[in-house]
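Undergrad: Before I ask anything, let me first share the structure, which is written out below as structure tokens.
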Amino acid sequence: MLCEECEERGAERDAIVDGVPTRLCARCASMTSGIVVQKPNQLQIDESKRMWRVKEILSRSAGIPYNKPAEKPAQGNIFDKLRPVNREKKSIYQIRAEDREKAMQKAKDNQAQNVVEQSKDAPVELIDE
Ligand SMILES: [Zn+2]
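First residue of the sequence shown: 160, per the working numbering; consecutive thereafter.
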């Protein structure tokens with residue numbers, strides 16, 4: 160393609176000279192007073208397409224280098240961790256029922272013990288034959 164300024168071959172720069180879009184060679188583009196339009200390279204295009212974090216945008220506009228946070232290790236399903244705990248955990252009603260049962264068993268044991276002890280202490284009646 161011919162340069163629109165010097166009419167030589169090798170025009171590879173897009174520029175806007177006096178409000179008119181033109182195609183210039185590298186030499187004319189470096190000397191022109193117009194605006195040379197630079198095409199983004201593939202890396203810049205890819206960068207523009209990706210999602211930006213708010214922190215990243217802010218730090219970039221402030222001129223502070225942004226450090227990407229370290230990847231967190233995979234946590235897995237949180238319910239897998241909770242289920243065994245919940246299975247072991249007893250409800251307050253279960254605990255109360257067990258306590259009641261223990262207390263009743265203890266009372267029964269005490270009663271039986273008392274009967275035995277009472278029979279020991281009981282005065283022996285002498286029976287005349
Ligand atoms: Zn030229």
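All residues carry an ideal CB built from backbone N, CA and C; glycine is no exception. Only a predicted model underlies this, so the values are computations on that prediction, with no experimental measurement involved.
Would you call the stretch 188-208 and the stretch 220-230 touching, i.e. three or more CB-CB distances under 8 Å?
TA: no
Undergrad: Among Q203, A188 and I254, which has the Cα closest to the Cα of V314?
TA: Residue numbering for the chain in the displayed model covers 160 to 288; residue 314 lies beyond these limits and cannot be assessed.
Undergrad: For a test of your reading of the model: does the CB of E206 fall under 7 Å from any non-hydrogen atom of ligand 1? Yes or no.
TA: no
Undergrad: Based on DSSP bridge pairs, tell me the residues matched to V213.
TA: The partner list for V213 (beta bridge, DSSP) is empty, contrary to what the question assumes.
Undergrad: Does the Cβ of E171 lie closer than 7 Å to at least one heavy atom of ligand 1?
TA: no
Undergrad: Starting from the C-beta of Q253, find all residues in its chain whose C-beta is less than 7 Å away, skip the five residues before and the five after it, and write them out in chain order.
TA: none
Undergrad: Let me confirm a value: A233 is counted as buried when at least 16 other C-beta atoms fall within 10 Å, else exposed. Which label applies?
TA: Exposed.
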